[in-house]
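Visitor:
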Amino acid sequence: MSYSVEKRVARFAAAHLAPLLKGSMVGLEKESLRVNSEGKISQTPHPQQLGSALTHPYITTDYSEALLEFITPPFHEAGEALGFLRDLQQFVYTRLDNELLWATSMPCVVAGESSIPIAYFGESNVGRMKSVYRHGLGHRYGRVMQVIAGVHFNYSYSDAFWQGLQQLEGDDRPLQDFISERYFGLLRNLLRVGWLIPYLFGASPAVCKSFLNGKENTLHSFDDYTYFEPYATSLRMGDIGYQNNKENETGIKADYSSLQGYVASLTNAINTPCPVYKKIGVKVDGEYRQLNANILQIENEYYSTVRPKQLLQGNEKPSLALKRRGVRYIELRSLDVNAFDPLGINESQLHFLEALLLYCLFADSPPISAIERVEIDQNEMRVAHRGREPGLNLMRCGTAVALKQWAGEICEAMAPVCELLDSNTARRPYQQALARQRRAVENPDLTPSARMLAEMRSSKESFFEFARRKSLEYQWHFAELPIAREQEQMLTEMAERSLRKQAEIEAADDMGFDEYLQQYFSQS
Numbered sequence: 000m001s002y003s004v005e006k007r008v009a010r011f012a013a014a015h016l017a018p019l020l021k022g023s024m025v026g027l028e029k030e031s032l033r034v035n036s037e038g039k040i041s042q043t044p045h046p047q048q049l050g051s052a053l054t055h056p057y058i059t060t061d062y063s064e065a066l067l068e069f070i071t072p073p074f075h076e077a078g079e080a081l082g083f084l085r086d087l088q089q090f091v092y093t094r095l096d097n098e099l100l101w102a103t104s105m106p107c108v109v110a111g112e113s114s115i116p117i118a119y120f121g122e123s124n125v126g127r128m129k130s131v132y133r134h135g136l137g138h139r140y141g142r143v144m145q146v147i148a149g150v151h152f153n154y155s156y157s158d159a160f161w162q163g164l165q166q167l168e169g170d171d172r173p174l175q176d177f178i179s180e181r182y183f184g185l186l187r188n189l190l191r192v193g194w195l196i197p198y199l200f201g202a203s204p205a206v207c208k209s210f211l212n213g214k215e216n217t218l219h220s221f222d223d224y225t226y227f228e229p230y231a232t233s234l235r236m237g238d239i240g241y242q243n244n245k246e247n248e249t250g251i252k253a254d255y256s257s258l259q260g261y262v263a264s265l266t267n268a269i270n271t272p273c274p275v276y277k278k279i280g281v282k283v284d285g286e287y288r289q290l291n292a293n294i295l296q297i298e299n300e301y302y303s304t305v306r307p308k309q310l311l312q313g314n315e316k317p318s319l320a321l322k323r324r325g326v327r328y329i330e331l332r333s334l335d336v337n338a339f340d341p342l343g344i345n346e347s348q349l350h351f352l353e354a355l356l357l358y359c360l361f362a363d364s365p366p367i368s369a370i371e372r373v374e375i376d377q378n379e380m381r382v383a384h385r386g387r388e389p390g391l392n393l394m395r396c397g398t399a400v401a402l403k404q405w406a407g408e409i410c411e412a413m414a415p416v417c418e419l420l421d422s423n424t425a426r427r428p429y430q431q432a433l434a435r436q437r438r439a440v441e442n443p444d445l446t447p448s449a450r451m452l453a454e455m456r457s458s459k460e461s462f463f464e465f466a467r468r469k470s471l472e473y474q475w476h477f478a479e480l481p482i483a484r485e486q487e488q489m490l491t492e493m494a495e496r497s498l499r500k501q502a503e504i505e506a507a508d509d510m511g512f513d514e515y516l517q518q519y520f521s522q523s
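Numbering follows numbering that gives the first Met the number 0, with no gaps: position 125 of the sequence shown is 124.
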C-alpha cells in the first residue's frame with residue numbers, strides 16, 4: 000500500500016500537478032450542547048436571536064432543541080474554516096442567557112429520556128418532517144444517544160484536480176464517473192484505516208453515570224459519578240454511543256463498492272419494512288411517531304463514520320442527488336469534540352486529516368469483502384474501548400497486527416503525501432501535523448483521551464467537573480475575544496432573514512403533511 004502511494008505521489012508531483020491541490024475545499028460542522036449553569040441539558044427553546052433552525056445556513060440544531068450545530072461554508076484553507084467557526088460560536092455566546100456550550104462530546108446530568116427536548120423546526124411540512132424524523136430516532140434508539148456531540152470534516156477536491164488526475168491516468172470516462180469512482184476508493188480506504196482517527200483524536204474515554212441511567216454495562220467506575228475504560232479513546236464511537244448497533248438486527252450495511260451499489264443499498268433500506276420498527280407504529284392517534292416503519296426512515300439514519308455527499312436541490316432525497324450528479328464531497332463523521340481546544344478542533348488536526356484523505360485517495364483500494372467488513376467494524380470498536388492498551392492487536396486481511404505497528408506504517412506512507420501538500424505552502428504545516436501524530440502513536444499518553452483521564456486524576460475531578468471546568472474556561476475565552484463587527488452584523492442580518500424565510504415557507508405550504516410525505520418518498 001505504501002509503495003503504491005509513494006509511486007503515485009511522485010508521478011503526480013513530476014507532472015507538476017501539486018498546485019491543483021490548492022483548489023481543495025474544507026468545511027466543518029460542530030455540535031455543541033446548550034446546558035444551564037448546573038450542567039443540565041437546557042430546556043429552553045432554540046434562542047430566537049440565533050435565527051431559524053430550519054433555514055439558517057450556519058446555525059441550526061441537530062437532534063435536540065438544545066443541541067446546536069455550527070456549519071461553516073467550504074473554504075480553501077483550514078484556518079479560514081476555523082475562523083468562521085470561531086465567529087459563529089462567539090456570536091452564539093453573546094446571545095445565550097446564563098447558559099454554556101458543553102466542551103465535550105459526551106453530555107452530563109442527563110435526567111432520563113424526557114429531559115431531552117426534540118428539535119422543533121416550525122409548522123411547515125419540511126419542518127414537521129425534520130421533527131418527526133427525530134421522534135422516530137428517539138423511539139428506535141433512545142433520545143440519550145442522540146445528544147452526543149461530534150465534529151464533521153467535509154472535504155472536496157476541485158474539478159481542475161480531477162481533470163489533471165484523470166489525464167495523468169489516461170482515463171477517458173465522463174469526468175463525473177471518474178470522480179465518483181475515485182471518491183469511493185478513498186472512502187473504502189478511509190473505512191479500513193478509520194480506527195486511527197479515534198485513536199489519535201478520540202476525547203471521550205469517560206462518561207457521566209447519568210448517561211447510562213442505571214443500565215447494565217461493562218464499564219469501570221472512575222468515581223461515584225463517572226464510568227470509564229482505562230484504555231478507551233472514544234466511548235462515543237463505541238457500543239454505548241454513536242454507532243447504530245441495531246445493524247445486526249435490521250441487516251443494513253451500505254455497499255461501498257461503487258456509487259451505484261451505495262445508492263441501491265440505502266434505497267433498499269429506505270423501502271424495506273422492518274418488523275421491529277413496525278411495532279412502534281407510524282401514525283398513532285393522529286400523531287406521527289416516525290416517518291415510516293422501514294429499516295431506515297431516510298438516508299441520514301445510517302450511522303456511518305464516512306459518507307459520500309452531493310449538494311441537494313430543493314427537497315431532493317440525498318440518494319437521488321448522488322445518483323443524478325455523483326459525489327461532490329466526503330463527510331468524515333468520527334471526530335470527537337476536542338475538549339482541549341475552544342473550537343472543538345484545531346488546525347493541526349485538520350492538516351493531518353487532509354493528508355490522510357489524500358493518502359487514502361492515492362492508495363490501492365480493492366472492494367471490501369464481507370470478512371474485511373467484519374474486521375473494519377471490530378477494529379473500530381476495539382480502538383474505541385481499548386485503543387491505548389499496550390500490545391493491542393487489530394485484524395488486517397485475516398492477520399493480527401499490532402496497532403502501533405500499523406499506525407506507524409500509515410504515518411510512514413503519509414510522509415510523501417505531506418511533502419506534496421507542503422509544496423504549496425511557505426511553511427510545513429502538514430509535515431508538522433504528521434510529526435505530532437507520530438509522537439502520539441509512539442506514546443499513547445499524548446492522545447487527548449489519555450490527557451483527559453490524567454487531568455481528571457490529578458485534579459481529582461469527575462468527568463462532569465472536568466467538562467464543566469473546560470466549558471467555563473471556553474466561555475471566558477469567547478468573552479475575551481475582540482468582536483468582529485462585520486461578521487456580527489452579517490450573522491445578525493442572516494438570523495433575521497432566516498426567520499422571515501421560515502415564515503414564507505410556512506405560508507406557502509399548499510398540501511397536507513400526509514400528502515407531502517407521500518410526494519417526498521415517491522421521488523425516483
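The beta-carbon is built from N, C-alpha and C at its ideal position, and this holds for glycine as well.
These figures come from a predicted structure and were not determined experimentally.
In three-state terms, what does DSSP make of residue 11?
Guide: Residue 11: helix per DSSP, three-state reduction.
Visitor: Taking the straight line between their C-alpha atoms, what separation do you get for residue 413 and residue 4?
Guide: Distance between the alpha carbons of residue 413 and residue 4: 8 Å.
Visitor: Would you call the segment 33 to 42 in contact with the segment 93 to 108, where contact means no fewer than 3 C-beta pairs closer than 8 Å?
Guide: The segment 33 to 42 is in contact with the segment 93 to 108.
Visitor: Check this for me: beta carbons of residue 497 and residue 50, under 8 Å apart or not?
Guide: Contact flag set, yes.
Visitor: Touching or not, the segment 309 to 324 and the segment 281 to 293, by the rule of three or more beta carbon pairs under 8 Å?
Guide: Output reads no: the segment 281 to 293 does not touch the segment 309 to 324.
Visitor: In this structure, how does DSSP classify residue 151 when only helix, strand and coil are distinguished?
Guide: Correct three-state label for residue 151: strand.
Visitor: Does the Cβ-Cβ distance between residue 304 and residue 184 come in under 8 Å?
Guide: No. Outside cutoff.
Visitor: Within 10 Å of its beta-carbon, does residue 379 have 16 or more other beta-carbons around it, so buried, or fewer, so exposed?
Guide: Classification for residue 379: buried.
Visitor: Among residues of its own chain, excluding the 5 on either side of residue 421, which ones have a beta-carbon nearer than 8 Å to its beta-carbon?
Guide: 427, 428, 429, 430.
Visitor: State the Cα-Cα distance for the pair residue 14 and residue 491, rounded to the nearest angstrom.
Guide: In a straight line, the C-alpha of residue 14 is about 47 Å away from that of residue 491.
Visitor: From 7, 201, 363, 337, pick the residue whose C-alpha is nearest to that of residue 382; which is it?
Guide: Of the listed residues, the one whose Cα sits closest to residue 382 is 201.
Visitor: What three-state label does DSSP hand residue 178 in the structure shown?
Guide: If DSSP states are grouped into helix, strand and coil, residue 178 belongs with the helices.
Visitor: Mind reading off the beta-carbon distance from residue 204 to residue 232? Whole number of angstroms is fine, and I expect it under 8 Å.
Guide: With 8 Å as the limit, residue 204 and residue 232 qualify as a contact, their Cβ atoms being about 6 Å apart.
Visitor: Roughly how many whole angstroms lie between the Cα atoms of residue 363 and residue 357?
Guide: If you take the alpha carbons of residue 363 and residue 357, they lie about 12 Å apart.
Visitor: Counting pairs of Cβ atoms below 8 Å between the segment 16 to 30 and the segment 146 to 157, do you hit three or more?
Guide: These segments touch.
Visitor: Is it the case that the segment 168 to 177 contacts the segment 366 to 380, given that we only count it when at least three CB pairs across the two stretches are under 8 Å?
Guide: Counting Cβ pairs under 8 Å, fewer than three are found: no touch.
Visitor: Looking at residue 453: is its Cβ nearer than 8 Å to the Cβ of residue 199?
Guide: No; because the gap between Cβ atoms is not below 8 Å, this pair is not in contact.
Visitor: Leaving aside the five residues before and after residue 243 along the sequence, list all residues of the same chain whose C-beta is less than 8 Å from its C-beta, in chain order.
Guide: Its pLDDT being 43, under 50, residue 243 is placed unreliably in this model, and the value from its coordinates should be taken loosely. Cβ within range, chain order: 140, 300, 301, 302.
Visitor: In the DSSP assignment, find the alpha helix (DSSP H) that holds residue 421 and state where it starts and stops.
Guide: Here the alpha helix (DSSP H) through residue 421 covers 402 to 421.
Visitor: Only counting runs of 3 or more residues, tell me where the beta strand (DSSP E) segments fall wholly within the segment 218 to 272, in order along the chain.
Guide: Runs found: 219 to 222, 225 to 227.
Visitor: Hey, quick one: how far does the alpha helix (DSSP H) through residue 347 stretch, first residue to last?
Guide: Residues 346 to 361.
Visitor: Compute the Euclidean distance between the alpha carbons of residue 245 and residue 236, then round it to the nearest angstrom.
Guide: Any reading at residue 245 is ruled out, since the residue's pLDDT is 48, under 50, leaving its predicted position unreliable.
Visitor: Rounded to a whole number of angstroms, what is the C-alpha to C-alpha distance between residue 456 and residue 34?
Guide: Spanning the two alpha carbons is a distance of roughly 24 Å.
Visitor: Quick one: give me the first and last residue of the beta strand (DSSP E) that residue 579 is part of.
Guide: Beyond the ends of the chain as shown, which are 0 and 523, falls residue 579; an answer cannot be given.
Visitor: Could you compute how far the alpha carbon of residue 122 sits from the alpha carbon of residue 516?
Guide: Residue 122 and residue 516: Cα-Cα distance of roughly 14 Å.
Visitor: Can you tell me the Cα-Cα spacing of residue 503 and residue 89, whole angstroms?
Guide: Cα-Cα distance, rounded: 29 Å.
Visitor: What residue does the alpha helix (DSSP H) around residue 98 start on, and which one ends it?
Guide: Element bounds for residue 98: not the alpha helix (DSSP H) but the beta strand (DSSP E), 98 to 100.
Visitor: Beta-carbon separation of residue 148 and residue 133 under 8 Å?
Guide: Not closer than 8 Å, so no.
Visitor: Applying the 10 Å Cβ sphere with the 16-neighbour rule, what's the burial state of residue 323?
Guide: Counting Cβ neighbours within 10 Å, residue 323 comes out exposed, since fewer than 16 surround it.
Visitor: The ligand NAP and residue 418: does any heavy atom of the ligand fall closer than 7 Å to the residue's C-beta?
Guide: Absence of the ligand NAP is noted for the structure shown, with no ligands found whatsoever.
Visitor: Assuming the contact rule is C-beta atoms closer than 8 Å, residue 87 and residue 57 should be a hit. Round their C-beta distance to whole Å, please.
Guide: That pair is a contact at about 6 Å.
Visitor: Report yes or no: do the segment 73 to 80 and the segment 466 to 479 share at least 3 C-beta pairs separated by less than 8 Å?
Guide: As far as the Cβ criterion goes, the segment 73 to 80 does not touch the segment 466 to 479, which means the pair count is below three.
Visitor: Are the CB atoms of residue 100 and residue 31 nearer to each other than 8 Å?
Guide: The answer is yes: Cβ separation under 8 Å.
Visitor: Identify every residue that forms a DSSP beta bridge with residue 396.
Guide: In the DSSP output, where bridge partners are listed per residue, residue 396 has none listed.
Visitor: Here's a check: name, in chain order, each residue in its chain whose Cβ is nearer than 8 Å to the Cβ of residue 271, leaving out the five neighbours to either side.
Guide: Closer than 8 Å at Cβ, skipping near neighbours: 293, 294.
Visitor: Under 8 Å between the Cβ atoms of residue 112 and residue 142?
Guide: Yes, the pair counts as a contact, with Cβ atoms nearer than the cut-off.
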